[in-house]
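K.L.:
2 protein chains.
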Amino acid sequence: MPELDETDIKLLKLLGNDSTLTMKELAARVNLSPSPVFERVKRLEGNGYIKKYIALIDSEKLNQGLIIFCNIRLKQHDKSIGHDFVSDVLQLKEVTECYNISGDYDFLLKVYARNMKHYQDFVFNKLGSVKSIGSTHSTFVMCENKNSYNINL
Amino acid sequence: MPELDETDIKLLKLLGNDSTLTMKELAARVNLSPSPVFERVKRLEGNGYIKKYIALIDSEKLNQGLIIFCNIRLKQHDKSIGHDFVSDVLQLKEVTECYNISGDYDFLLKVYARNMKHYQDFVFNKLGSVKSIGSTHSTFVMCENKNSYNINL
DNA sequence: CTTGAAAAATGGAGGGT
DNA sequence: ACCCTCCATTTTTCAAG
Numbered sequence: 001m002p003e004l005d006e007t008d009i010k011l012l013k014l015l016g017n018d019s020t021l022t023m024k025e026l027a028a029r030v031n032l033s034p035s036p037v038f039e040r041v042k043r044l045e046g047n048g049y050i051k052k053y054i055a056l057i058d059s060e061k062l063n064q065g066l067i068i069f070c071n072i073r074l075k076q077h078d079k080s081i082g083h084d085f086v087s088d089v090l091q092l093k094e095v096t097e098c099y100n101i102s103g104d105y106d107f108l109l110k111v112y113a114r115n116m117k118h119y120q121d122f123v124f125n126k127l128g129s130v131k132s133i134g135s136t137h138s139t140f141v142m143c144e145n146k147n148s149y150n151i152n153l
Numbered sequence: 001m002p003e004l005d006e007t008d009i010k011l012l013k014l015l016g017n018d019s020t021l022t023m024k025e026l027a028a029r030v031n032l033s034p035s036p037v038f039e040r041v042k043r044l045e046g047n048g049y050i051k052k053y054i055a056l057i058d059s060e061k062l063n064q065g066l067i068i069f070c071n072i073r074l075k076q077h078d079k080s081i082g083h084d085f086v087s088d089v090l091q092l093k094e095v096t097e098c099y100n101i102s103g104d105y106d107f108l109l110k111v112y113a114r115n116m117k118h119y120q121d122f123v124f125n126k127l128g129s130v131k132s133i134g135s136t137h138s139t140f141v142m143c144e145n146k147n148s149y150n151i152n153l
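Written out as structure tokens, the structure reads:
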């Protein structure tokens, strides 16, 4: 596992905020020419430091403006129930994130819904038919103050 | 606000998963030639459906493998205290997301730390010096089962 | 790392249905 | 409105030094 120097970190930071920067633009910001920057970026991709490049879609513009953190407690805690839950819940298009967590609940889901009615339908009809779920607790997002999508380097 | 057709949605979906796709590759997937695809993508960018393009960085490879959801209750609930809290907490590099939420707590933070010791330091020394905070409750992520970063179209 | 050049993609012009 | 083909420009990509 090769070490990263200052320049690599800076490149990750730049691309983590804006991946449309060209090699030329990146080069200018790290005081190099495009070629070594190209090689560094390819190395960062190849070694998995950069996982992928994506476009961020505006969820509000697509009528998915309601964000809910949904805490879930399983009925039982054996491995197979947990596995069933994860595979069931990842099928649901409203669920964009799923974490196995410590504490009172077993899982935390981030859910996007059009509105309250849609979320109600999600809880009763979709989560309601996932057998492994014991109970749920929903926390509604009133305002997203920040989401940087990446660690802050 | 112009409506989106099937093709636009498909383009958003494709770019939301992989923004390295070229106009040519996108064109092939939606059965068009590169030019109209180019125009559509520029329109989606211009109208804000696509907010930005970013590289996703592997947090584990950068020694930020511990994810914590930190619930925070403010001391008081006036607007200025809330504003102070947000501006203070967004300065902290460990905090990548911040939500104003309903329920027992006022805010939910997503925090990345190197390890438990680092998180302990974050809670005691960094959050500890934010005056507006009343109490906190940390939920530790044991496994990230899914994070799609975008709504599922 | 630099230079430099081939291959590929972008971004428009102009025209067709 | 929407699409196409063609082409100049820019960028990417990869030699060789």
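As given, the protein sequences belong to chains R and F, one line each in that order. Numbering of the first sequence is given in full-length UniProt numbering, commencing with residue 1 and proceeding in unit increments. Numbering of the second sequence is given in full-length UniProt numbering, commencing with residue 1 and proceeding in unit increments. Just so it is clear, CB atoms sit at the ideal spot from N, CA and C, and this is done for glycine as well.
#1: Using a Cβ cut-off of 9 Å, pull out every chain F residue sitting near residue 157 of chain R, in sequence order please.
#2: Roughly how many angstroms lie between the CA atoms of F:Asn152 and F:Thr139, to the nearest whole one?
#3: Using a Cβ-Cβ cut-off of 8 Å (strictly less than) and excluding sequence neighbours within five positions of F:Val41, which residues of its own chain qualify?
#4: When you compare the CB positions of R:Cys143 and F:Asn71, do they come within less than 8 Å of one another, or not?
#5: Measuring CA to CA, which of R:Asn47, R:Gln76, R:Leu92, R:Ile67 is closest to R:Ser135?
#6: Out of curiosity, what's the CA-to-CA distance linking F:Val111 and F:Phe124?
#7: Suppose the cutoff is 6 Å on Cβ atoms and the five residues either side in sequence are ignored; what does the same chain contact list for F:Ser19 look like?
#8: Does any C-beta atom of chain R lie closer than 8 Å to the C-beta of F:Ser33?
#9: Enumerate in chain order the residues of its own chain whose CB-to-CB distance from R:His64 is below 8 Å, with the five nearest sequence positions on each side excluded.
#10: If you drop the 5 nearest sequence neighbours on each side, which residues of the same chain put their C-beta closer than 7 Å to that of F:Asp8?
#11: Whole angstroms are fine: how far does the CA of R:Val95 sit from the CA of R:Leu66?
#12: I'd like the list of long-range same chain contacts for R:Asp104, defined as Cβ closer than 8 Å, with 5 residues on each side in sequence excluded.
#13: Spell out the partners DSSP gives F:Ala55 in its beta bridges.
#14: Less than 8 Å between CB atoms is the rule here; does R:Ser80 satisfy it with respect to chain F?
#15: Closer than 7 Å between beta carbons: that is the criterion. Which residues of the UniProt domain "HTH asnC-type" (4-67) of chain R meet it against chain F?
#16: Please report whether the beta-carbon of F:Val86 lies at a distance below 8 Å from any beta-carbon of chain R.
#17: I need the boundaries of the alpha helix (DSSP H) containing F:Ile81, first residue and last residue.
#18: Are the beta-carbon atoms of F:Asn145 and R:Leu127 separated by less than 8 Å?
#19: Alpha carbon to alpha carbon, how far is R:Gly48 from R:Met116? Give it in angstroms, no decimals.
#20: Out of R:Cys98, R:Val141, R:Ser129, which has the shortest C-alpha to C-alpha gap to F:Val141?
#21: For R:Ile81, I'd like the list of residues in its chain whose CB is within less than 8 Å of its CB, leaving aside the five on either flank, ordered along the chain.
P.N.:
Let's see:
#1: The requested residue 157 of chain R is not part of the displayed model; chain R covers only 1 to 153.
#2: 26 Å
#3: Leu11, Leu15, Met23, Leu26, Ile50
#4: In this structure, the beta-carbon distance from R:Cys143 to F:Asn71 does not fall below 8 Å.
#5: R:Gln76
#6: 14 Å
#7: Tyr53
#8: For F:Ser33, the answer is no, since every Cβ of chain R falls outside 8 Å of its Cβ.
#9: Checking the displayed sequence, the identity of residue 64 of chain R turns out to be Gln instead of His. Taken in chain order, the residues that qualify are Tyr112, Ala113, Arg114.
#10: Arg40, Leu44
#11: 12 Å
#12: Only Asn71, Arg73 meet the Cβ criterion.
#13: R:Tyr53
#14: no
#15: Leu12, Leu15, Gly16, Asn17, Asp18, Ser19, Thr20, Gly48, Tyr49, Ile50, Lys51, Lys52, Tyr53, Ile54, Ala55, Leu56, Ile57, Asp58, Ser59, Lys61, Leu62, Gln64
#16: Yes - at least one Cβ of chain R is within 8 Å of the one on F:Val86.
#17: 79-89
#18: no
#19: Between R:Met116 and R:Gly48, the alpha-carbon positions lie close to 39 Å from each other.
#20: Across the set R:Cys98, R:Val141, R:Ser129, the C-alpha of R:Cys98 shows the shortest separation from the C-alpha of F:Val141.
#21: Correct list, in chain order: Leu74, Lys75, Ser132.
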